[in-house]
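This report concerns only the one structure given below.
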Amino acid sequence: MIDKLGTAGVAGALLLLAGLVLVAWSSPVVAAGLALVLAGTGLVVKGLATGLMKQFGLA
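The sequence shown lines up with residues 16 to 74 when you count with this note's numbering.
As structure tokens, then:
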């Protein structure tokens, strides 16, 4: 998976994780909510990308 993300993708994932850890250190309940929002957003984006790729015949 790391080879598909590239350097910028890995750096972005690390920054995302670091930000979530920072929020969790301050407020675990808020961090749990943010984690759910991020996971939901990721699933929506994956669904949109898959649908778009199917329209172009790539999936």
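Using N, Cα and C, we set each Cβ at its ideal position, and we do this for glycine too. It should be emphasised that the depicted structure is a prediction, and the values quoted were computed from it without experimental measurement.
Quiz item: Span of the alpha helix (DSSP H) holding Gly62?
Solution: 43-70
Quiz item: CA-CA distance, Lys69 and Ala33?
Solution: 34 Å
Practice problem: Look at the alpha carbon of Leu63 and the alpha carbon of Val52, and state the distance between them as a whole number of angstroms. | Solution: 16 Å
Quiz item: Beta carbon of Leu90, beta carbon of Val36: below 8 Å?
Solution: Outside the shown range of the chain (16 to 74) lies residue 90, about which nothing can therefore be said.
Quiz item: In angstroms, rounded to a whole number, what distance separates the CA positions of Gly27 and Asp18?
Solution: 14 Å
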